[in-house]
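Protein chains: 2
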Amino acid sequence: MAQGTPGQTGQSLLFLTDEQLRKGIEAMFFAYRGFTADPDRILSDQGYGRAHHRAIHFIHRSPGTTVNNLLSVLGVTKQSLNRVLRTLIEDGLVASTVGKRDKRERHLTLTETGAALERALSDAQRDRMRHAYRAAGPEAVAGFRQVLEAMMDEEMRFYYDALKDRSDER
Amino acid sequence: MAQGTPGQTGQSLLFLTDEQLRKGIEAMFFAYRGFTADPDRILSDQGYGRAHHRAIHFIHRSPGTTVNNLLSVLGVTKQSLNRVLRTLIEDGLVASTVGKRDKRERHLTLTETGAALERALSDAQRDRMRHAYRAAGPEAVAGFRQVLEAMMDEEMRFYYDALKDRSDER
DNA sequence: CTTGGAATGTCAACAAGGCTGACGTATCTT
DNA sequence: AAGATACGTCAGCCTTGTTGACATTCCAAG
């Protein structure tokens, strides 16, 4: 497993040892646990799960989105999503309105109550993210994003890019 | 929401807008999907799931570990882990030996077959990680790790740090 | 030495949330 | 009129989380 000679970047090419990569893998594993921990707590108090969180998040992000759209972003089957969506609609967190142009479509939006839960969830998640960002500093954040973006499937990057972020504009 | 005066890093302190944080949240979401996609494919071919992967990974990392140890790292109930462990033992991927000093304990190690599957899984995952690392570059990788480490729960960082990583030693 | 509590691991049963397959209805498109 | 599309639903399965009950083993107090 010869690694060749060092490059000219000043950074060793050896930074890609199996050990290093393994460390990155575990970092993802443990960090993701932390990442979901706070919302999970809030949700389980209300009898919801992570699946509800995802639905709420993406409805909030794209108000008026259709069921089909949501399916693509979430990458689950309609039966799976429907179960979650049904409870959210029954509980009055999500409103489903028949499409104006295409009456087959249902447009999904958060109600006031739904928006309130969304805020609680994303506040908790943002607090942790903010804390991590502050601890690591702006340059680390840029690197963080670069690596994550490179780790996505092409298809997912499409949906990811759909979210506007002013910091990308310059 | 005044952000105070700019620091001396040359980076704006305003980098912590809700939008920026939200983008980071989605980056985690989509990247984690990619991160698990390859192993998931390999596993489902063999009738296993992500839980089996986690068990295999951490047994490989700490050969001879006990069930209790594994429970702490994985953060699931022993009953949940046991089911997974049982199938792995039945299928001859994991060996469970009664503790020598304390006969209540079971020490877990991978068999040859188990090690082979571990290799297949971590090869796939490392390939993606390596690709992401190469695309982003060494400095981005450092930032990536910093942010992820800051995002973990204290408790998890303890287990995370237990994994040796030579790149940390200098 | 015995005995009771703590630790370790196993078995059983249930729930959430994935999945596939089949089907019904309304609507749009050709 | 016919076929395609969007959505909902029923039924049934699997994985993986949960709690509760229980057996075994160890250890320390009496």
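Those protein sequences? They're chains A and B, same order as listed. Going letter by letter, the first sequence gives residues 1 to 170 in this note's numbering. Going letter by letter, the second sequence gives residues 171 to 340 in this note's numbering. Beta carbons are placed, not taken as given, at the ideal position from N, Cα and C, and that holds for glycine.
Among A:34, A:19, A:21, the one whose alpha carbon lies nearest that of residue 327 of chain B: Counted from its first residue, the second sequence places residue 327 of chain B at position 157. For residue 327 of chain B, the nearest C-alpha among the options comes from A:34.
Interface positions of the segment 17-48 of chain A facing chain B (Cβ-Cβ less than 8 Å), listed along the chain: 17, 18, 19, 20, 21, 22, 23, 24, 25, 26, 27, 28, 29, 30, 31, 32, 33, 34, 35, 37
Identity of the residues DSSP links to residue 21 of chain A by a beta bridge: As a working note, residue 21 of chain A is residue 21 in the first sequence. None; residue 21 of chain A has no bridge partner.
Interface positions of the segment 308-324 of chain B facing chain A (Cβ-Cβ less than 8 Å), listed along the chain: 308, 309, 310, 311, 312, 313, 314, 315, 316, 317, 318, 319, 320, 321, 322, 323
Where residue 50 of chain A falls: helix, strand or coil (DSSP): By 1-based counting over the first sequence, the position of residue 50 of chain A is 50. Residue state, collapsed to three classes: helix.
Interface residues of chain A facing residue 301 of chain B [CB-CB closer than 9 Å]: Here the question's residue 301 of chain B lines up with position 131 in the second sequence. Chain A residues near residue 301 of chain B: 150, 151.
Residue 105 of chain A to residue 72 of chain A span [Cα, whole Å]: Along the first sequence, read from residue 1 onward, the residue named residue 105 of chain A stands at position 105. Along the first sequence, read from residue 1 onward, the residue named residue 72 of chain A stands at position 72. Taking the straight line from one Cα to the other gives about 15 Å.
Alpha carbon of residue 244 of chain B to alpha carbon of residue 189 of chain B, nearest angstrom: Locating residue 244 of chain B in the second sequence gives position 74, where the first residue counts as 1. Locating residue 189 of chain B in the second sequence gives position 19, where the first residue counts as 1. Rounded to whole angstroms, residue 244 of chain B to residue 189 of chain B spans 32 Å at the Cα level.
Closer than 9 Å at the beta carbon, the chain B residues around residue 161 of chain A: Looking up residue 161 of chain A in the first sequence gives position 161. The premise fails here: residue 161 of chain A is roughly 10 Å from chain B at the closest Cβ pair, so nothing lies under 9 Å.
Inter-stretch contact (C-beta, 8 Å, three-pair minimum) for the segment 220-238 of chain B and the segment 253-261 of chain B: yes
For residue 235 of chain B and residue 229 of chain B, believed in contact at Cβ under 8 Å, the rounded distance: Counting from one through the second sequence, the residue named residue 229 of chain B turns up at place 59. Counting from one through the second sequence, the residue named residue 235 of chain B turns up at place 65. Indeed, because the Cβ distance is near 6 Å, the residues count as touching under 8 Å.
Residue 23 of chain A burial status per 10 Å Cβ neighbour count (16 or more: buried): The sequence position of residue 23 of chain A within the first sequence is 23, counting from 1. Classification for residue 23 of chain A: buried.
Local conformation of residue 55 of chain A per DSSP, three classes: Position 55 of the first sequence, counting from 1, holds the residue named residue 55 of chain A. It is helical.
Environment of residue 316 of chain B [buried if 16+ CB atoms lie within 10 Å]: Against the second sequence, residue 316 of chain B aligns to sequence position 146. Flag for residue 316 of chain B reads buried.
Segment limits, beta strand (DSSP E) that includes residue 365 of chain B: Residue 365 of chain B is absent from the model: chain B starts at 171 and stops at 340.
Euclidean distance between Cα positions of residue 38 of chain A and residue 186 of chain B: Residue 38 of chain A sits at position 38 when you count from the first residue of the first sequence. Residue 186 of chain B sits at position 16 when you count from the first residue of the second sequence. Answer to the nearest angstrom: the Cα atoms are 19 Å apart.
Where residue 265 of chain B falls: helix, strand or coil (DSSP): As a first step, residue 265 of chain B is located in the second sequence; it is residue number 95 there, counting from the start. Strand at residue 265 of chain B.
Min CB distance residue 305 of chain B to chain A below 8 Å: For this step, residue 305 of chain B is matched to residue 135 along the second sequence. It does; some Cβ of chain A falls within 8 Å.
Proximity below 8 Å, CB of residue 321 of chain B to CB of residue 31 of chain A: Translated into the one-based positions of the second sequence, residue 321 of chain B becomes position 151. Translated into the one-based positions of the first sequence, residue 31 of chain A becomes position 31. For residue 321 of chain B and residue 31 of chain A, yes; Cβs fall inside 8 Å.
Alpha helix (DSSP H) segment containing residue 251 of chain B, residue limits: Residue mapping note: residue 251 of chain B aligns to position 81 of the second sequence, counting from 1. Start and end: 248-260.
One or two residues paired with residue 279 of chain B in a DSSP bridge: Walking along the second sequence from the start, residue 279 of chain B turns up at place 109. In DSSP, residue 279 of chain B forms a bridge with B:265.
Contacts of residue 75 of chain A in chain B (Cβ-Cβ under 8 Å): As a first step, residue 75 of chain A is located in the first sequence; it is residue number 75 there, counting from the start. Going along chain B in sequence order, the residues near residue 75 of chain A (Cβ under 8 Å) are 203.
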